[in-house]
Structures are given as structure tokens and as C-alpha cells.
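>
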Amino acid sequence: MVDPLERMTRGQLIAELRKLGAERRRDTKLERLVHDLRVHEQQVQLQQDQLMEAQHMLEASRDRYADLYDHAPLPYVTLDRNGVIEDINLTGAELLGRARPLLAGRPLRLYVDEADRRTFLDHMRRCRGGVSPVTTELKIKTEKGAVLVQLHSRRAAGSGKDAVGYRTALVDLTARLEAEEARARAREERERLLKEEERLLVASEAKDQFLATLSHELRTPLAPVLVAVSALEGRGDVPETLRPTLTMIRRNVDLETRLIDDLLDLTRITRSKLSMKPEILDVHEVLQEVVELCGNGRPAGVRVTAALAAPAHHVRADPA
335 MVDPLERMTR GQLIAELRKL GAERRRDTKL ERLVHDLRVH EQQVQLQQDQ
385 LMEAQHMLEA SRDRYADLYD HAPLPYVTLD RNGVIEDINL TGAELLGRAR
435 PLLAGRPLRL YVDEADRRTF LDHMRRCRGG VSPVTTELKI KTEKGAVLVQ
485 LHSRRAAGSG KDAVGYRTAL VDLTARLEAE EARARAREER ERLLKEEERL
535 LVASEAKDQF LATLSHELRT PLAPVLVAVS ALEGRGDVPE TLRPTLTMIR
585 RNVDLETRLI DDLLDLTRIT RSKLSMKPEI LDVHEVLQEV VELCGNGRPA
635 GVRVTAALAA PAHHVRADPA
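Now the structure itself:
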């Protein structure tokens, strides 16, 4: 069997070779194109996987944000440029005493105490006038009555100058007010106690001065009595029957002197200046003096018996 190429002329062979070369080049380009398409397909698939992963991350972040927003312990509300509620979390709805669906689309000023509504409008005006956070204190109407809160509004993240979203926290200031009132009461009580302490100090000083003056006035008439008794005791012409009387007078003068010293001791005690002067005392003698001093004031029919027979009857004590 004869090969068809053998029947071709030289020109036909050249044409056929050119045709085969062109087909081969087309096949090479096609293979390269297929390869590029496969590479591009892999890149597109990788980008798609990355986009899906990013979308999942955004959805997870959105869900976390929504969960944090809804269940945040702080009342939180999103307002438009006119102060209308776009969104509010559960704590905020609880503060206002309304269901969340009923609050969306309603102006927040409806829940502001009438006396503070102009303050709220000024708050929104300042929000629209800049990008810095705006803070205002006003009263919100709740089921439990008016509650003082602090509005802290910030322009929504990623918003431009003409944005209408404002994230607003409502900070309950009740605890702060109670603490301030408690501090005020404590301050007033402290001032009252200081004044009372000052008054008592003045009264104590006046009492001490009075006792000192009284003691001096009481001592003054005792001195000549004691001098007279000493002079009579030293005289030899005094009848013996009068000497017990002189002894009694001296004893009572000494007792009066000790009583005056006791008054002064009260002053010394308050000033922590009480001084003790211990000495050896005969308890029998002290008791005997007490019995004799009380003899004149003893009721009729009352008899006092002293059994002074203790073997050890000396002590170290202040005789006053």
C-alpha cells in the first residue's frame, strides 16, 4: 500500500508540514489555556473559600455582638438623628418598662421626664453637631418613677458626618445619688458630733473652773477654824471635857478638806492628772473614825458595833 505522502509534491509536503505545525501550536496554546483556566479556577475556589470563612466569621461576630448588646447589664439604645429608638437591648426595655417591639420607632423623649425634655433635645443637637461623645444627665420615666440617668452617646462606628445612628448608654445614677446622700448625712453627723464635742468640752472646762473656784471658797473658812483649834489644843487652861470636842472639830475639818480634795480629783481625773499618795494606814483607826463621824446622824434605835480585832490591820493606801 502506497503512503499518501509519497504521492505529494514538494510544495504539497511543505504545505502539509505548515498545517501540522499550526495545529501543533494551536494544541500547545490550548493546553496552556486549559492550564491557566485550571490555575484560575483553583484561585477562584481559594478566594471563595476565604470569602465564605470571612462571612462565617462576620456572622459569628455579629451574633456575639447581638448577644452582648441584648444581654448587656447596662441599658443600651440606638437612636437616629432625631432621637427615635432604632434598637434597644433587653436591659433598656426593662428600664423603660416596655416590650422591645413596642419601643422600636418611638421617640426616646416620650420616656424622658417632662422637666428634662428640653435637655434631651439639646443632647441630640450636640450629638448631631460633632463626632465626640456627648454626656448628659436627666430623668427617665419608669414604672418605679423618675430615675436619674446619664446619657452617654457616641456616633455609630464607621458612620460619616451625616450618620444618623448614635449608640447611647443609659447609666443609672441612683446608686451614686444614694452614696452622695449617705456621704452628706455622714458629713452632717460628723459636724454635729464635732459641735457636741466642742460644747461638752466647753461645759467640762466650765465645770472644772467652777469646782476649782468652789474648792478655793470652801477652803478659805476652814483655815481659821483649824488655826483656832490648834491654838486651843496648845493651851493648858482648856478643860479636859472640851478636848474631845476639839478633836472632833479637827477631825471634821480634816474630813472637809479631803472632801474638797475629792472635788478637785474629779477635775484631775477628766484631765488624766490624778495623783495618788499612798501611805501606811491603820484600818482599825479609819473604821473607828467613820463610826464616830456617823454617830450624830445615826437614826434612833440603830446601834453600830465595831469588831476591830484583825491581826493584820495596816494597808498601804491614799488616806484621802
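Numbering (the numbering used here), first residue to last: 335 to 654.
Note that CB positions come from ideal geometry on N, CA and C, so glycine has one too.
How would you label Ile474, buried or exposed, when you count the other beta carbons within 10 angstroms and need 16 or more for buried?
Ile474 is buried by the Cβ-count criterion.
> Is the Cβ-Cβ distance between Pro653 and Glu590 less than 8 Å?
Their beta carbons are not under 8 Å apart, which means Pro653 does not touch Glu590 by this criterion.
> Along the beta strand (DSSP E) that carries Lys478, what are the first and last residues, could you check?
It is not in any beta strand (DSSP E) - Lys478 carries neither H nor E in the DSSP assignment.
> Where does the unbroken alpha helix (DSSP H) through Glu515 begin, and where does it stop?
Run containing Glu515: Thr508 to Gly568, per the alpha helix (DSSP H) assignment.
> Rounded to a whole number of angstroms, what is the C-alpha to C-alpha distance between Ile583 and Val563?
The straight-line gap from Cα to Cα measures roughly 7 Å.
> State yes or no: is the C-beta of Val620 within less than 8 Å of the C-beta of Ala640?
Taking 8 Å as the Cβ cut-off, Val620 and Ala640 do not qualify as a contacting pair.
> Within 10 Å of its beta-carbon, does Arg519 have 16 or more other beta-carbons around it, so buried, or fewer, so exposed?
So Arg519 ends up on the exposed side.
> Is Pro467 a contact residue of the ligand ZN, with contact defined as CB to any heavy atom under 7 Å?
Among the components modelled here there is no ligand, and therefore nothing to report on the ligand ZN.
> What's the C-alpha gap between Phe544 and Arg577?
Their backbone Cα atoms lie some 37 Å apart in a straight line.
> Please report how far the alpha carbon of Gln381 lies from the alpha carbon of Arg366, in whole angstroms.
Computed Cα separation, rounded: 22 Å.
> Measuring straight from C-alpha to C-alpha, what distance separates Val418 and Glu428?
Spanning the two alpha carbons is a distance of roughly 18 Å.
> What residue does the alpha helix (DSSP H) around Ala427 start on, and which one ends it?
Where Ala427 is concerned, the enclosing alpha helix (DSSP H) stretches over Leu424 to Leu430.
> Please list, in chain order, all residues of the same chain as Leu598 whose beta carbon is under 6 Å from its beta carbon, the five residues on each side excluded.
Cβ within range, chain order: Ser549.
> Can you look up Ala651 in the DSSP assignment and give me helix, strand or coil?
It is a strand residue.
> Which residues mark the beginning and the end of the beta strand (DSSP E) in which Asp616 is found?
Here the beta strand (DSSP E) through Asp616 covers Glu613 to Asp616.
> Mind checking who Glu471 pairs with in its DSSP beta bridge?
Looking at the DSSP assignment, Glu471 forms a beta bridge with Gln484.
> On a Cα-Cα basis, can you pick out the residue from His618, Glu623, Gly635 and Leu642 that is closest to Val649?
Cα-wise, what sits closest to Val649 is His618.
> Give me, in chain order, the residues of the same chain whose beta-carbon lies closer than 8 Å to that of Gly494; leave out the 5 immediate sequence neighbours on both sides.
The predicted model places Gly494 with a pLDDT of 49, which falls under 50 and marks its position as unreliable; any figure quoted below should be read in that light. Same-chain partners within the cutoff: there are none.
> By Cβ distance, which residues of its chain are closer than 8 Å to Ala433, with the 5 residues on each side in sequence left out?
If we look at Ala433 and ignore the five residues flanking it on each side, its Cβ neighbours are Ala427.
> Please report the distance separating the alpha-carbon of Leu385 from that of Ser466.
Each residue's Cα considered, the two are about 34 Å apart.
> If you reduce the DSSP assignment to three classes, tell me which class Pro407 lands in.
Looking at Pro407 - three-state DSSP - the assignment turns out to be coil, as it is neither helix nor strand.
> State the DSSP-derived secondary structure class of Arg459, mapped to helix, strand or coil.
In the structure shown, Arg459 sits in a helix (DSSP, three-state: H, G or I).
> From Asp450 to Glu523, what does the alpha carbon distance come to, in whole angstroms?
Rounded to whole angstroms, Asp450 to Glu523 spans 33 Å at the Cα level.
> Measuring alpha carbon to alpha carbon, tell me which residue in Val587, Glu515 and Ala406 is nearest Leu560.
Per the Cα distances, Val587.
> Quick check on DSSP: helix, strand or coil for Thr502?
Three-state result, Thr502: strand.
> For Ile348, is the classification buried or exposed, using 16 other Cβ atoms within 10 angstroms of its Cβ as the cut-off for buried?
By the 10 Å Cβ count, Ile348 comes out exposed.
> Just grab the DSSP bridge partners of Val453 for me.
At residue 453 the sequence reads Thr, which differs from the Val that was named. According to DSSP, which records beta bridges pairwise, Thr453 is partnered with nothing at all.
> For the candidate residues Leu455, Ala490, Val468 and Glu512, whose alpha-carbon lies nearest to that of Leu482?
That would be Glu512, whose Cα lies nearest to the Cα of Leu482.
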